[in-house]
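Everything below concerns the one structure shown next.
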Amino acid sequence: MLRGAAEGYTTDAGGDASRNLPAVPAEKTRKPLLVIQGANDPRVPKDRTDALVETVRKNGVPIDSFVSTKSEEEPPVRIRSFLDWHLRRRQ
19 MLRGAAEGYT TDAGGDASRN LPAVPAEKTR KPLLVIQGAN DPRVPKDRTD ALVETVRKNG
79 VPIDSFVSTK SEEEPPVRIR SFLDWHLRRR Q
């Protein structure tokens, strides 16, 4: 899990957003990463996700990201594709 780009946001529900922050700073991430942003996610603003993706990408780490809409088919297809690509590269 990543920490860094998501810091500083608050939840509309009044909860402690910091407890949901990733454990590893985005700057230290070295493994391939798939980021799925909910189109209407009230807890994680898209600009924070974009900042996280940009930080990881600047470090040369393979990263795929997309905004998930109401389509139930897209996330599983993207997840499967990401895993297939990165697991095959390791063999």
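Numbering-wise, the sequence shown is residues 19 to 109 according to our numbering. By construction, the Cβ of each residue, glycine as well, lies at the ideal position given by its N, Cα and C atoms.
Where residue i sits in the DSSP three-state scheme
{"i": "residue 62", "result": "coil"}
{"i": "residue 43", "result": "strand"}
{"i": "residue 79", "result": "coil"}
{"i": "residue 31", "result": "Residue confidence for residue 31 is low, a pLDDT of 48 falling below 50, so the modelled location carries little weight; the figure read from the coordinates is stated next. Note: residue 31 maps to coil in three-state DSSP."}
Where residue i falls, given that 16 or more other Cβ within 10 Å makes a residue buried
{"i": "residue 44", "result": "buried"}
{"i": "residue 112", "result": "Summary: the structure shown does not reach residue 112, with the chain confined to residues 19 through 109, and so no result is reported for it."}
{"i": "residue 87", "result": "exposed"}
{"i": "residue 70", "result": "buried"}
{"i": "residue 62", "result": "buried"}
CB of residue i within 8 Å of CB of residue j, strictly
{"i": "residue 95", "j": "residue 50", "result": "no"}
{"i": "residue 53", "j": "residue 67", "result": "yes"}
{"i": "residue 55", "j": "residue 99", "result": "no"}
Residue-chain proximity (residue i, chain C), Cβ-Cβ < 8 Å
{"i": "residue 74", "result": "The structure shown contains no chain C, having only a single protein chain."}
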